[in-house]
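Residue numbers (the numbering used here), protein chains in the order written: chain A, 511 to 847; chain B, 443 to 742; chain C, -10 to 226. Using N, Cα and C, we set each Cβ at its ideal position, and we do this for glycine too. Because the structure is a prediction, the values reported are computed rather than measured. Worksheet: one structure, shown below.
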Amino acid sequence: MPRSKLLLEAVSFAVLVALVWIAPHHVSDFHARELASVGVYFIALLGLAILTGYSGQISLGNGAFMAVGGYTTAILSVDHGVRDVWTIPIAGVVAGIAGLLVGIPAVRLSGVYLALVTFGIAVAFPQLLKKYTHFTGGTTGKILTLPKAELGVHTTPNRWLYYLSWAIALVLLVAAWALVRGKAGRTMQAVRDSEVAAVSSGINVALVKTLAFGISAFYAGIAGALYAMSVFYVNPDTFPILLSIWLLVGLAAGGVGSLAGLIGGAALVYYLQNHADAVARWGNHLPGLSLDPKQPGIPSIIFGAVLIIVMLALPAGVGGLMRRVLRPLTSRLYSRS
Amino acid sequence: MIVVAFTWAEFAEQVAAGLASGAVYASLALALVLIFRTTGAINFAQGEMATFTTFIAWSLMNHGLGFWAAFPIVLVIAFVGGIGIERTLMRPFERGPVVSAAIVTLGLALVLNGLMSVIWGGADRTFNGGFSTRTVKIAGAHISIQYIGMVAVLFVLVALLAVFFRFTKVGLALRAASLNPDSSRLVGIRVGWMFALGWGLAAVVGAIAGLMIAPIESLGPDMMQVILLYAFAAAVLGGLDSPVGAVVGGLLLGLVITLLGRYVGYVGQTLKLPVALLLILALLVVRPGGLFGRVAARRV
Amino acid sequence: MRAVPLLEVDDVSKRFGGIVALDGISLDVGAGEIVGLIGPNGAGKTTAFNVITRLSAPDSGDVRFDGETLLRTRPNAVVRRGIARTFQNVELFRGLTVAENVRVGAHARRGEHSVDDVIYYVGISSVRHRLADGLPYGTQKRVELARALASSPRLILLDEPAGGLNHEEVEDLGAFLRRFRTDFDVTILLVEHHMGLVMGLADRVHVLDFGRKIAEGTPREVQADPAVIQAYLGTAA
Chain A
511 MPRSKLLLEA VSFAVLVALV WIAPHHVSDF HARELASVGV YFIALLGLAI
561 LTGYSGQISL GNGAFMAVGG YTTAILSVDH GVRDVWTIPI AGVVAGIAGL
611 LVGIPAVRLS GVYLALVTFG IAVAFPQLLK KYTHFTGGTT GKILTLPKAE
661 LGVHTTPNRW LYYLSWAIAL VLLVAAWALV RGKAGRTMQA VRDSEVAAVS
711 SGINVALVKT LAFGISAFYA GIAGALYAMS VFYVNPDTFP ILLSIWLLVG
761 LAAGGVGSLA GLIGGAALVY YLQNHADAVA RWGNHLPGLS LDPKQPGIPS
811 IIFGAVLIIV MLALPAGVGG LMRRVLRPLT SRLYSRS
Chain B
443 MIVVAFTWAE FAEQVAAGLA SGAVYASLAL ALVLIFRTTG AINFAQGEMA
493 TFTTFIAWSL MNHGLGFWAA FPIVLVIAFV GGIGIERTLM RPFERGPVVS
543 AAIVTLGLAL VLNGLMSVIW GGADRTFNGG FSTRTVKIAG AHISIQYIGM
593 VAVLFVLVAL LAVFFRFTKV GLALRAASLN PDSSRLVGIR VGWMFALGWG
643 LAAVVGAIAG LMIAPIESLG PDMMQVILLY AFAAAVLGGL DSPVGAVVGG
693 LLLGLVITLL GRYVGYVGQT LKLPVALLLI LALLVVRPGG LFGRVAARRV
Chain C
-10 MRAVPLLEVD DVSKRFGGIV ALDGISLDVG AGEIVGLIGP NGAGKTTAFN
40 VITRLSAPDS GDVRFDGETL LRTRPNAVVR RGIARTFQNV ELFRGLTVAE
90 NVRVGAHARR GEHSVDDVIY YVGISSVRHR LADGLPYGTQ KRVELARALA
140 SSPRLILLDE PAGGLNHEEV EDLGAFLRRF RTDFDVTILL VEHHMGLVMG
190 LADRVHVLDF GRKIAEGTPR EVQADPAVIQ AYLGTAA
């Protein structure tokens, strides 16, 4: 990689760090928390980008790995008195192990079958949470304590969540960048583009694919832990199947260009997850349309319509990404010198 | 594991119930396979489409029509609706990647689900089906006529589809269009409309599944959601591109999870779904293309 | 030279369902040789390549490299034993640049040739930072060759290297392969339809037809063999 490009990436990263640092000084406490959530989705998207964008494996179930992370944090902090900050790495590792376990059989599957199996896992996981009540709190789930600033930082819980999420997100961004720009990234993309050629070039395809699942799940687990901390509770509905779908949409929308570009995708995911009513109010400006966001069914219609419109409106991004499950656009920044 | 008191008569009744729900999974799986084979898409909206048409049947019956009078009307509506969805929503993704199309169908599922809540409300409703709920006594077991009817409907459906695909010109054209769209275009087959026809047929088959299950499950916007998952599982089990596989997979799955839920106390109601998925995952590891699928295992 | 074959395929059979792709094939390649594997379509040439590189397991028989069986070597470890290959329909890593493709080949490098050397040698320096996808077909074939060479193999299997090339390119390829056998000290086994190339290049030729070996010898001997003429005329008719 030429130095000029490395320099450009270093400068971009510095700008990003600066933006992350100053942003909370210019927004309300509530908005800081919103931005914290964007950081959380960003982490999840980084993991999905490694799995889908680089190793070419589709996952409709990364929300389930987030759930594993979220529950790890909840169980450790509520039942075992571990301080929530320290549960975050553990949540990542536990989810990562779950990812490896899923990755092993997934190695044998491709395309549609893998999509359906991961979808199935995401759907079935809440059932497991409901079954093992003594461990997970069943349908009520677990209530976490309000996060409190630690490590010598003194600020509001929302701003604390913001700094924590983004500090972790930036570290994980650098880690992901270091991973994909070198030999490991090349190896994953080789597997994605041609398995036979990868094997003949000496690559252990099964190992690479399984590890990609593990790494992706590690990221999701960290995101899940932070998510649980930021909503103060977990229950089987905290990580719905739709979350996994939004992540894929976020990857598609944000994945054009660079890993840092996923922040845009993360913002989209956050907005879609939380602001159906805003979309409804916006829709009411259209002539002849009168939507009551509180009426049952309306949010669902809006979610669905937005999903369809996003897919239709972003043919370059979304279609491009999906085609590049064989060849992602995300690779461009790192491979074109 | 707790084994519940066992009698052969009850076992036979459980088998009948399992096959009946299996017949519904099989029909919906068949609808999924129809779309997958013709267009290569996974249709996550198949369940909500079926529920929607079932609600239409419910409305018609509320206006005084009998079940069997509403039945053909609903199927025609489903057919037209299926074609309409393909021509408008799915068409831009015909040549696009599979996952984009799948996400669009998810969006469609959400829209339909919301529409049902808005139009018919979220409350569950009872739905009187076309078969008597009385039982007949066969070898000491009380088997519901409804169950027998459900399985019979499945077999009639399969027979009709087989005749359609094998012996009609349109059926042949549809198969050709899905196998090789480009060559089919060259011989004058209107491939786009064949895809639409695939969606139309799938909507009809799904509608039948909805009409069969509604008397058992109560009718609400979410009625088909879990059933759709079982249908996916059944389709994957049989091999996504195999109609025979869908039927066998559906019946097998219905049977296995009914018996597991009844006789293996630990599995019960909550774990039925995870256990079913685990079994299928295990099968896929051995046979990545399902029982009847054509996807060969890749050796790497 | 024939005393110590580098590669020995010993009575190998492979069937797919009811189709016998390889029916008791034996062949050998001596160190430093250029050996052609020819035969009409469907003769089993690519299957033979897949068996040698372990992408496909034979039903019976043995494949030995340097006197030791290859059948206990995992598919991804074959390259580390010194066997690299190209593919009939060009299997490049399309989302990677040319240089990155070659670098992946060098992950399993055994010898001293650097990625840059190989890229220069194969003549793709000018496109080294371009994505592999979208390059002209002939260039893609060179990239594939460079990727295979980057592992410094002792034996390289080329699956139809002349396929899709024009007349001039084929002549260049022949000269290139002869040169690079010496420069890289490598043994070459190639499947090829282009008779002119094989006959002018190969030291020896094995002829397959319907999964069986029907002839073996120097290009001149094979060309005169009635069974070979029969096989080719039979499919041409």
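Give the residues of chain A in contact with F674 (chain B), contact being defined as C-beta atoms less than 8 Å apart.
Counted from its first residue, the second sequence places residue 674 (chain B) at position 232. Within 8 Å Cβ-Cβ: L626, F629, G630.
How about L558 (chain A) and S565 (chain A): do their beta carbons lie closer than 8 Å?
Residue 558 (chain A) sits at position 48 when you count from the first residue of the first sequence. Residue 565 (chain A) sits at position 55 when you count from the first residue of the first sequence. Not in contact: L558 (chain A) and S565 (chain A) (Cβ atoms no closer than 8 Å).
Is there a C-beta anywhere in chain A that falls below 8 Å from the one on F5 (chain C)?
Counting from 1 along the third sequence, the entry for residue 5 (chain C) is found at position 16. Taking Cβ atoms only, chain A never reaches closer than 8 Å to F5 (chain C), which makes this a no.
Look up A826 (chain A) in the DSSP assignment and say whether it is helix, strand or coil.
For the purposes of this step, residue 826 (chain A) is taken as residue 316 along the first sequence, with counting starting at 1. Unreliable positioning characterises A826 (chain A) in this predicted model, as indicated by a pLDDT of 46, which lies under 50. A coordinate reading is not provided.
Chain C beta carbons: is any one of them nearer than 8 Å to that of I614 (chain A)?
Position 104 of the first sequence, counted from the first residue, corresponds to residue 614 (chain A). It does not: the Cβ of I614 (chain A) has no partner Cβ on chain C nearer than 8 Å.
With a Cβ-Cβ cutoff of 8 Å, do V622 (chain A) and V540 (chain B) count as a contact?
Position 112 of the first sequence holds residue 622 (chain A). Position 98 of the second sequence holds residue 540 (chain B). Contact: yes.
Taking the beta carbon of Q805 (chain A) as the centre, do at least 16 other beta carbons fall within 10 Å, making it buried, or is it exposed?
The residue given as residue 805 (chain A) occupies position 295 in the first sequence. Exposed: under 16 other Cβ atoms inside 10 Å.
Which parts of the region 462 to 544 of chain B are runs of the beta strand (DSSP E), unbroken and 3 residues or longer, counting only runs that do not cross its ends?
none
At a Cβ cut of 9 Å, what residues of the region 50 to 65 of chain C count as close to chain A, listed as they run along the chain?
R63, P64, N65
At the 8 Å Cβ level, is S660 (chain B) part of the contact set with chain A, yes or no?
Numbered from 1 along the second sequence, position 218 holds the residue referred to as residue 660 (chain B). Chain A, which has no Cβ nearer than 8 Å to the Cβ of S660 (chain B), makes this no.
Any beta carbon of chain B sitting closer than 8 Å to that of S675 (chain A)?
Taking the first sequence and counting its residues from 1, the one referred to as residue 675 (chain A) is at position 165. Chain B contact via Cβ: absent.
Chain A beta carbons: is any one of them nearer than 8 Å to that of P514 (chain B)?
Sequence index remark: in the second sequence, residue 514 (chain B) carries index 72 (1-based). With 8 Å as the cut-off, P514 (chain B) does not count as an interface residue toward chain A.
In this structure, does DSSP put F5 (chain C) in helix, strand or coil?
Within the third sequence, the letter at position 16 stands for residue 5 (chain C). If DSSP states are grouped into helix, strand and coil, F5 (chain C) belongs with the strands.
With which residues is S743 (chain B) paired in a DSSP beta bridge?
An answer regarding residue 743 (chain B) cannot be provided, because it is not within the stretch 443 to 742 covered by chain B.
Which residue spans inside the region 52 to 97 of chain C form an unbroken alpha helix (DSSP H) run of at least 4?
87 to 95
Considering Cα atoms alone, identify which of B:L702, B:L713, B:P663 is closest to G563 (chain B).
Taking the second sequence and counting its residues from 1, one reaches residue 563 (chain B) at position 121. If we check each option's Cα against that of G563 (chain B), B:P663 comes out closest.
What distance in whole Å lies between the Cβ atoms of G71 (chain C) and L186 (chain C), which are believed to be in contact at a cut-off of 8 Å?
As a working note, residue 186 (chain C) is residue 197 in the third sequence. As a working note, residue 71 (chain C) is residue 82 in the third sequence. Not a contact, Cβ separation roughly 24 Å.
Please list, in chain order, all residues of the same chain as G764 (chain A) whose beta carbon is under 6 Å from its beta carbon, the five residues on each side excluded.
As a first step, residue 764 (chain A) must be located in the first sequence, where it is residue number 254. The answer, listed in chain order, is G771, L772, G774, G775.
Distance cutoff 8 Å, beta carbons only. Does V690 (chain B) sit that close to anything in chain A?
Translated into the one-based positions of the second sequence, residue 690 (chain B) becomes position 248. With its beta carbon at least 8 Å from every one in chain A, V690 (chain B) lies outside the interface.
Since R201 (chain C) is in the beta strand (DSSP E), which residue starts that stretch and which ends it?
Position 212 of the third sequence, counting from 1, holds the residue named residue 201 (chain C). Start and end: 201 to 206.
Just verifying my parser: in three-state terms, what is the DSSP assignment at P838 (chain A)?
As a working note, residue 838 (chain A) is residue 328 in the first sequence. Here P838 (chain A) scores only 33 on pLDDT, less than 50, and its place in the model is too uncertain to base an answer on.
Note down, in chain order, every chain C residue with its Cβ under 7 Å from the Cβ of V759 (chain A).
If you number the first sequence from 1, residue 759 (chain A) lands on position 249. The contacting residues do not exist; V759 (chain A) stays about 21 Å from chain C at best.
Counting only beta-carbon atoms, is V93 (chain C) nearer than 8 Å to chain A?
The residue labelled residue 93 (chain C) in the question sits at position 104 within the third sequence. Yes, V93 (chain C) lies at the interface with chain A (some Cβ there is under 8 Å from its Cβ).
By a C-beta neighbour count over all protein chains shown, 10 Å radius and 16 as the cutoff for buried, is R704 (chain B) buried or exposed?
Against the second sequence, residue 704 (chain B) aligns to sequence position 262. Under this definition R704 (chain B) is a buried residue.
Does DSSP put G152 (chain C) in a helix, in a strand, or in coil?
In the third sequence, residue 152 (chain C) corresponds to position 163, counting from 1. Coil.
Is there a C-beta anywhere in chain A that falls below 8 Å from the one on V706 (chain B)?
As a first step, residue 706 (chain B) must be located in the second sequence, where it is residue number 264. So no, V706 (chain B) is outside the interface.
Kindly indicate the opening and closing residues of the beta strand (DSSP E) around I177 (chain C).
Numbered from its first residue, the third sequence carries residue 177 (chain C) at position 188. Looking at the DSSP string, the run of the beta strand (DSSP E) that includes I177 (chain C) is 176 to 180.
Would you give the residue range spanned by the beta strand (DSSP E) that I585 (chain B) belongs to?
To locate residue 585 (chain B), count along the second sequence from 1; it is residue 143. Per DSSP, I585 (chain B) belongs to the beta strand (DSSP E) from 583 to 586.
Secondary structure at D747 (chain A), three-state DSSP: helix, strand or coil?
Looking up residue 747 (chain A) in the first sequence gives position 237. The answer is coil: DSSP assigns D747 (chain A) none of H, G, I, E or B.
What in chain C is Cβ-close to Q699 (chain A), meaning under 7 Å?
As a first step, residue 699 (chain A) is located in the first sequence; it is residue number 189 there, counting from the start. In chain order: F82, G84, L85.
I need the straight-line Cα distance from F572 (chain A) to S620 (chain A), nearest angstrom please.
As a working note, residue 572 (chain A) is residue 62 in the first sequence. As a working note, residue 620 (chain A) is residue 110 in the first sequence. The residue you asked about is not Phe; residue 572 (chain A) is Asn in the sequence shown. Computed Cα separation, rounded: 16 Å.
Could you check whether T577 (chain B) and I587 (chain B) sit closer than 8 Å to each other, using their CB atoms as the reference points?
As a first step, residue 587 (chain B) is located in the second sequence; it is residue number 145 there, counting from the start. As a first step, residue 577 (chain B) is located in the second sequence; it is residue number 135 there, counting from the start. Judged by their CB atoms, I587 (chain B) and T577 (chain B) are nearer to each other than the 8 Å cut-off.
For F813 (chain A), count the other beta carbons within 10 Å of its own beta carbon; 16 or more makes it buried, fewer makes it exposed. Which is it?
Locating residue 813 (chain A) in the first sequence gives position 303, where the first residue counts as 1. So F813 (chain A) counts as buried.
Under 9 Å between beta-carbons, which chain A residues line up against L715 (chain B)? List them in chain order, please.
For the purposes of this step, residue 715 (chain B) is taken as the residue at position 273 of the second sequence. Ordered by position in chain A, the residues that pass the 9 Å Cβ test against L715 (chain B) are G630, V633, A634, Q637.
By the DSSP assignment, the alpha helix (DSSP H) with K640 (chain A) in it spans what residues?
Along the first sequence, read from residue 1 onward, the residue named residue 640 (chain A) stands at position 130. 621 to 641 is the extent of the alpha helix (DSSP H) around K640 (chain A).
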